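Structure first, commentary second.
Residue numbers (the numbering used here): 28 to 292.
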């Protein structure tokens with residue numbers, strides 16, 4: 028009789044473990060009012076093949092138009108956004124393989140390795156120092172800079188930078204958060220550094236680990252991949268065990284019937 032009780036307990040434990048809910052909470056180690064050190068903001072610096080739109084404005088529009096690409100010059104004052112679809116409608120400078128752009132009148136300008144505000148300040152100073160424009164206002168917007176979010180998220184795809192310092196949390200939010208099948212403790216960020224691919228693993232269930240990760244701040248062309256949990260992986264197999272399937276509940280009913288027979292005996 029004691030042996031039958033042990034068998035019943037074991038079978039019940041198996042059922043409960045197979046039906047257990049995954050831990051989907053974020054930042055489990057953060058307390059109320061607790062402060063955490065955050066990684067220093069990682070700047071977006073221009074690279075070869077990046078595209079940027081550069082618009083020069085002045086009190087003299089005709090003078091400023093000399094330094095704007097033809098399509099952009101007819102859109103001075105146009106409300107620009109950093110979304111990829113909109114930016115593609117605006118003429119943009121493509122950073123050459125040697126890190127330069129060919130700017131009107133000023134000629135070749137080295138931009139690779141610089142932030143967009145640094146490039147804007149350089150162009151402004153050059154225009155003033157050469158007496159080309161007395162009061163230039165230089166605006167630089169990203170045209171093709173973005174990142175990809177793949178895996179177990181609600182809206183996978185490629186997204187554009189709408190500001191300079193975007194985090195992996197921003198990326199996940201833009202992709203509609205993780206699905207219930209995504210592993211919160213195993214988010215992969217793939218980044219190109221010096222011509223090589225570098226992988227970073229992030230545990231979203233630890234706020235401390237997230238904020239101190241080198242991949243907390245995103246760079247252009249980063250890939251954020253959310254790994255599927257074991258339950259989701261089993262669903263992709265031919266004989267995957269799906270808790271919501273009819274075959275699973277038939278198996279459970281059969282098991283419970285067997286347990287009832289053992290109890291009666």
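Think of the CB as a built atom: it goes at the ideal place given N, C-alpha and C, for glycine as much as any other residue.
Quick caveat: nothing in here was measured; it's all calculated off a predicted structure.
Item checked: Spatially closest choice to residue 133 from 173, 125, 83 and 197, by CA coordinates -> 83
Practice problem: Measure from the alpha carbon of residue 85 to the alpha carbon of each residue in 142, 151 and 128, then state which is nearest. | Solution: 151
*Mapping DSSP to helix, strand and coil, what is residue 226?*
strand
task: Find the nearest neighbour of residue 81 within the set 226, 65, 59 and 149, judged by alpha-carbon distance.
output: 149
Self-check item: Span of the beta strand (DSSP E) around residue 215
Solution: 209 to 220
Worksheet item: Name the DSSP bridge partner or partners of residue 175?
Response: 185 and 250
Starting from residue 155, follow the beta strand (DSSP E) in both directions and report where the run begins and ends. Not the beta strand (DSSP E): residue 155 falls in the alpha helix (DSSP H), residues 143 to 156.
Worksheet item: Where does residue 236 fall in DSSP's three states?
Response: helix
Exercise for review: Might you give, ordered along the chain, the residues of its own chain that have their beta carbon closer than 7 Å to the beta carbon of residue 99, omitting 5 neighbours on each side?
Suggested key: Because residue 99 carries a pLDDT of 41, less than 50, the predicted location of this residue cannot be relied on, and no value is offered for it.
Might you give, ordered along the chain, the residues of its own chain that have their beta carbon closer than 6 Å to the beta carbon of residue 253, omitting 5 neighbours on each side?
178, 179, 180, 205, 209 and 214
Does any CB atom of chain C fall closer than 9 Å to the CB of residue 196? Of the protein chains in the structure, only one exists, and it is not chain C.
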